[in-house]
Amino acid sequence: NVNKLIWAIGAFRNSFVVIVCSIICYWYVHKINHDITSDWAPPIPFKIIGKIPHGLPHFQWPEFSNTNESFFDIIFFMGSGIIVIPLISLLEKISLCRTFAEGKPIDTDQELLGIGMTNFGNSFSHGFTGAGAIARGALNYSRGVRSPLGGLYTGLTVMAALVFLTLYFYYMPKTALAAVIIAASFMMVDVKMIKHVYKSK
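Here's what the structure looks like:
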């Protein structure tokens, strides 16, 4: 039984940390009788997530506008970002794939197509621009996820949480979430490569 308990704590360590820290913040918030419906953050020693909009985002057609701009005006407005931003997004995604591919071949065209389809879908729900999620990739890898279906499972979990659990997200401390991501990202550090670069001239 003790071994099973240790295994469970290790397997669900990230959730365990977030839940315990959220309970502590819950106790602090209610100890001072803070009104969680107010827009003011509670005066406690921790920064918490606070209010999160309840429910799923409304799906609608992207907002279009009819503004006449020349091609060179667009290039001048975006500057180097028109090349740098897509390039960095692609390199971030490829580096993430190569880090966790464990020697398996990677189809860069498929990765680029996936990013494009993700951002196309985001336009219908006013979502954030998608790219290579290094922190989430490291977190999934540390939890033993080895299939792209992990993204589908994560998406469904997030959707369910937005519908049923947004009230409890109020008490989540930001430091606990940051600690989970940092701990999961440690495995991405190649110590041997650091030593090699340090010794090189």
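Quick note: to get our numbering, add 141 to the position in the sequence shown (first position is 1).
From the three backbone atoms N, C-alpha and C, an ideal C-beta is built for every residue, glycine too.
DSSP-derived helix/strand/coil call for residue i
| i | result |
| --- | --- |
| Ile160 | helix |
| Ala182 | coil |
| Thr208 | coil |
| Asn142 | coil |
| Asn174 | coil |
| Leu303 | helix |
| Phe327 | helix |
| Trp168 | helix |
| Phe153 | coil |
| Gly196 | coil |
| Trp202 | coil |
Distance between residue j and residue i (C-alpha atoms, nearest Å)
| i | j | result |
| --- | --- | --- |
| Gly244 | Trp168 | 47 Å |
| Gly257 | Ala301 | 25 Å |
| Met313 | Gly296 | 20 Å |
| Ser230 | Thr249 | 12 Å |
| Ile235 | Phe157 | 31 Å |
| Leu253 | Leu237 | 13 Å |
| Lys192 | Ser211 | 42 Å |
| Ser221 | His171 | 50 Å |
| Ser341 | Ile335 | 10 Å |
| Cys166 | Phe217 | 48 Å |
Identity of the residues DSSP links to residue i by a beta bridge
| i | result |
| --- | --- |
| Pro314 | Ile189 |
Cβ-Cβ separation, residue j to residue i (assumed contact under 8 Å), whole Å
| i | j | result |
| --- | --- | --- |
| Ile190 | Tyr311 | 6 Å |
| Leu308 | Leu197 | At roughly 15 Å, the Cβ-Cβ gap does not stay under 8 Å, so Leu308 and Leu197 are not in contact. |
| Arg239 | Ile247 | 6 Å |
| Asn155 | Val299 | Contact doesn't hold; Cβ gap of about 15 Å is too wide. |
Practice item. Just list the alpha helix (DSSP H) runs in the stretch 217-288, keeping only unbroken ones of 4 residues or longer that don't cross its boundaries, in chain order. Key: Listed in chain order, the complete alpha helix (DSSP H) runs (minimum 4 residues) inside the stretch 217-288 are 222-241, 249-263 and 275-283.
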